[in-house]
């Protein structure tokens with residue numbers, strides 16, 4: 046399991062979903078993302094492309110970004126409020 050600050054990140058279910066995926070690309074609607082996470086994404090995820098950034102510096106990454114990067118995926122594109130395209134990098 047991937048821990049953040051000694052606790053499991055609330056975004057960890059996304060990590061699990063992506064690690065289990067047999068695909069090289071996953072296009073997830075915001076609704077599907079919220080089903081995977083079992084909670085609503087924050088408002089900023091709906092209105093800011095930056096929220097979906099593939100943050101380069103490991104020790105300053107946001108907890109949500111860590112989940113897809115640790116699973117070996119990156120965000121390829123975002124259609125804000127509609128869907129996010131992830132691609133497998135590992």
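Numbering (our numbering), first residue to last: 46 to 135.
We put the CB at the ideal spot given by N, CA and C, even for glycine.
Using a C-beta cut-off of 8 Å, the region 69 to 76 makes contact with the region 113 to 127, since at least three inter-stretch Cβ pairs fall below that distance. The beta-carbon distance between residue 97 and residue 63, rounded to whole angstroms, is 14 Å. This is too long to meet the 8 Å contact definition. Our two residues, residue 131 and residue 52, have alpha carbons roughly 25 Å apart in a direct line. In the assembly as shown, residue 84 is an exposed residue. Its beta-carbon has fewer than 16 other beta-carbons within 10 Å.
A straight line joining the alpha-carbon of residue 59 with that of residue 115 spans about 10 Å. Considering only 69, 56 and 103, the residue with the shortest C-alpha distance to residue 90 is 56. Residue 55 carries a coil assignment under DSSP once its states are collapsed to helix, strand and coil.
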